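Here the structure is laid out as structure tokens; the discussion comes afterwards.
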Amino acid sequence: MKAILFANRDGTDLAPLTNKTCVAMLPIAAKPLIEYALESLIMTEIREVILVVSYHAEDVEKHVKCGERWGHHVEYVLAQNDESPSHILKRLGNTLRDDQYLVMRADMLQSINLKQFVEQAKQFHAPEVVATIDNQPIGIALLNQQACKHSQLLNCDSIKQANLYGAEQVKLDGQFALLDSLQNYFDTNFAVAQLNFSHLVINGRQINEHLRVGRRSKITEAQQGLVGDYCNIHPQVTLNNAVLGHEVIIDRHAIVKDSLVLNNTYIGEGVELTNAIVWGNRVLRLDLGAKVTLTDTLLIADLTQVGIGRLLSKLINQGLGLVLLLLSLPLWLAAFIFSLLSMPKPLFRRVRLVGNQQEISDTGQCQLRSFNSWEWSTKIPILRYLPRLFAVIAGHIRIVGVTPPTPQSQTVQHLQTTSIGLIGPSQIDIPYSAPQEEHQLAESYYVHTRRFRSDVVWLIRGFITLFKPKAWMPIKEENV
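Just so you know, we're using our numbering here: the sequence shown kicks off at -4 and counts up by one.
Have a look at this one:
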């Protein structure tokens, strides 16, 4: 007897997760869904497997290979997009020479004693015998050679509608998840991680009653959840009922609560996640119905796509900020003296500005994160904005970019790129007394034409501007 596994679902109901891979390769408790089907076959005497693939077929073949890891011999059949199992079985009819076949969906989760089903199904001597739990077909059937040419039992619509087509049924104890929505996929991950699905093999060591950890993952025992292989969780992270995939990195002070974080994802310092699915730079808030793509790699990032150039750019900006801070030490004394002359005003004024880093709002939308900065009381521009160098070192803004807006500014919603900086076209070329529209026009042009070479030019021009009157001419109060 051979087994025929179907791993060809298009998975549109699980988008955008299935934009990356097929349903059968989506992780359930840090393990690809198809592995559960292959592991269930180990308990039977079936070792010959026909695996039907379609969407992202290369992902399945790369992972399963010839099936030797599970003691199987796997051969592949490539199906057309949206081709139904009944049509595939009919197309394979002339090549199916065994008397019986165990057919099952490998893109749904079944937790049963598969050996028990096979033994009971053989006793019926019927052309079609389907496995059910509480009269619900679970995508597993035993078919004879003739039934393979017309059976509708494995079609997704038939399973959803609990249509048995008059077939004999074996009633089993166990659990079944159709995985036909993001919410169902989310809930199934936590149910499996909490060992609510019997007969399934869950990877990792059970550290305590609240924590299971995979191979070579670094994590403290005070956390709660399931952690996959090769994860690095900072000791100051808080995990509360979280399910993590493989190769996940979570930085200090991050809080992950009731959330699913899939493979190769970076969670940045201080990020808070609740009731979310995160994969790479995509965040799905199921409670709000929000789907957000983040571009700030300091917040959340796809570790398979973060380029070395972007990381170097951040390090270079922060390094230059530190160098400029050291070079500007004499100017700090001048800023202090000129601010004293503005008494009785306070020496410093705290301002709230918007930087390049992004965050997820309470409504699940992606927005630019604001931060606190300081300004000297003097009206001399070069002295007044010296404290913004600390914002460059902290990574809030770049060396070169548009003027940091306030959270109330109408220009915030138009900033689509990480281009907010200390110096730029508005600060260098446009007089402070010019209308606001002129400043916005210069900055808008910069945002849409920014390149590395142009940033170098603006950096050089900014240095030259230090020796020009504009940098030292007091700003009028209405333009401050």
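Just so you know, even glycine gets a beta-carbon here, dropped at the ideal spot from N, CA and C. All figures in this text were calculated on a predicted structure; none of them were measured in a lab.
Between the CA atoms of residue j and residue i - distance to the nearest angstrom
{"i": "T420", "j": "V395", "result": "The sequence given here places Pro at residue 420; Thr does not occur at that position. Rounded to whole angstroms, P420 to V395 spans 9 Å at the Cα level."}
{"i": "Q201", "j": "N191", "result": "15 Å"}
{"i": "V165", "j": "V125", "result": "6 Å"}
{"i": "H51", "j": "N203", "result": "37 Å"}
{"i": "L0", "j": "V44", "result": "7 Å"}
{"i": "S308", "j": "T260", "result": "20 Å"}
{"i": "W453", "j": "Q435", "result": "17 Å"}
{"i": "A285", "j": "N235", "result": "22 Å"}
{"i": "Q411", "j": "Q156", "result": "Below a pLDDT of 50, predicted positions are generally treated as unreliable, and Q411, at 49, falls in that range; no measurement from the model is reported."}
{"i": "I197", "j": "S35", "result": "13 Å"}
{"i": "I470", "j": "K15", "result": "52 Å"}
{"i": "V113", "j": "I214", "result": "42 Å"}
{"i": "E473", "j": "A389", "result": "Bear in mind that the predicted position of E473 carries a pLDDT of just 47, short of 50, making it too unreliable to give a figure here."}
{"i": "L177", "j": "Q218", "result": "25 Å"}
{"i": "N150", "j": "G199", "result": "34 Å"}
{"i": "H67", "j": "G88", "result": "22 Å"}
{"i": "H82", "j": "H391", "result": "56 Å"}
{"i": "L461", "j": "R383", "result": "16 Å"}
{"i": "S372", "j": "D253", "result": "46 Å"}
{"i": "R476", "j": "E56", "result": "The structure shown does not extend to residue 476, since the chain spans only -4 to 475, so no value can be given for it."}
{"i": "D175", "j": "K117", "result": "30 Å"}
Spatially closest choice to residue i from the options, by CA coordinates
{"i": "L239", "options": "Q431, P27 and K110", "result": "P27"}
{"i": "F366", "options": "I377, Y380, I375 and G350", "result": "G350"}
{"i": "A466", "options": "C143, S106 and I418", "result": "I418"}
{"i": "H229", "options": "G416, N236 and V243", "result": "V243"}
{"i": "A101", "options": "F462, C17, F385 and D224", "result": "C17"}
{"i": "G220", "options": "A330, I128 and L206", "result": "L206"}
{"i": "G169", "options": "L195, D175, E163 and D152", "result": "L195"}
{"i": "D291", "options": "Q178, E354 and F458", "result": "E354"}
{"i": "L109", "options": "H58, S81, E433 and E40", "result": "E40"}
{"i": "A19", "options": "N184, S404, A2 and K117", "result": "A2"}
{"i": "E70", "options": "V48, Q231, N179 and L310", "result": "V48"}
{"i": "L381", "options": "A429, F331 and L363", "result": "F331"}
{"i": "E370", "options": "F385, N270, S212 and D450", "result": "F385"}
Whole-Å CB distance - residue i paired with residue j, under 8 Å assumed
{"i": "W65", "j": "I37", "result": "6 Å"}
{"i": "Y96", "j": "C61", "result": "The pair is not a contact, with the Cβ atoms about 20 Å apart (cut-off 8 Å)."}
{"i": "A74", "j": "V98", "result": "Not confirmed; about 14 Å, so no contact."}
{"i": "A249", "j": "V273", "result": "The Cβ separation is near 11 Å, so there is no contact."}
{"i": "S146", "j": "L159", "result": "Going by Cβ atoms, the distance from S146 to L159 rounds to 11 Å, so no, they are not a contact pair."}
{"i": "L482", "j": "F343", "result": "Absent from the structure is residue 482, since the part of the chain shown begins at -4 and ends at 475."}
{"i": "D297", "j": "G263", "result": "The Cβ separation is near 13 Å, so there is no contact."}
{"i": "R347", "j": "T401", "result": "6 Å"}
{"i": "V251", "j": "L268", "result": "5 Å"}
{"i": "K173", "j": "A162", "result": "A small fix is needed here, since residue 173 is Leu in this sequence, not Lys. With a Cβ gap of about 19 Å, L173 and A162 do not count as contacting."}
{"i": "L293", "j": "N184", "result": "At roughly 27 Å, the Cβ-Cβ gap does not stay under 8 Å, so L293 and N184 are not in contact."}
{"i": "Q502", "j": "I133", "result": "Because residue 502 is not part of the residues shown, which for the chain are -4 to 475, the question remains open."}
Local Cβ density within 10 Å of residue i, reported as buried at 16 or more and exposed below that
{"i": "E123", "result": "buried"}
{"i": "I527", "result": "The displayed coordinates of the chain run from -4 to 475. Any statement about residue 527 would go beyond what the structure contains."}
{"i": "A10", "result": "exposed"}
{"i": "L324", "result": "exposed"}
{"i": "F171", "result": "buried"}
{"i": "F447", "result": "exposed"}
{"i": "F181", "result": "buried"}
{"i": "Y441", "result": "buried"}
{"i": "P341", "result": "exposed"}
{"i": "I415", "result": "buried"}
{"i": "Q408", "result": "Its pLDDT being 49, under 50, Q408 is placed unreliably by the model, and the measurement read from it follows with that caveat. Exposed, since its Cβ has fewer than 16 Cβ neighbours within 10 Å."}
{"i": "N76", "result": "exposed"}
{"i": "I455", "result": "exposed"}
{"i": "E30", "result": "buried"}
beta-carbon residue i near the ligand ADP non-hydrogen atom, thresh 7 Å
{"i": "L320", "result": "As for the ligand ADP, it is missing from this structure, which has no ligand bound."}
At what residue ranges does the segment 435 to 475 contain a whole run of the alpha helix (DSSP H), taking only runs of 4 or more? Inside the segment 435 to 475, DSSP marks whole alpha helix (DSSP H) runs of 4 or more residues at positions 447 to 460, from first to last along the chain.
Can you list the beta strand (DSSP E) stretches of 3 or more residues lying completely in the segment 241 to 321, in chain order? DSSP runs (the beta strand (DSSP E)) wholly in the segment 241 to 321: 250 to 252, 260 to 262, 267 to 269, 271 to 274, 277 to 280, 285 to 288 and 295 to 297.
Uninterrupted alpha helix (DSSP H) stretches inside the segment 18 to 98 (no shorter than 4 residues): 28 to 37, 52 to 59 and 80 to 86
Starting from the N-terminal side, write out each stretch of the beta strand (DSSP E) that is 3 residues or longer and does not extend beyond the segment 315 to 393. 343 to 355 and 361 to 371
Quick one: which unbroken beta strand (DSSP E) runs of 3-plus residues sit fully inside the segment 131 to 158? Chain order, please. 131 to 139
Within the segment 190 to 216, ranges of the beta strand (DSSP E) (whole runs, at least 3 residues): 200 to 203 and 206 to 208
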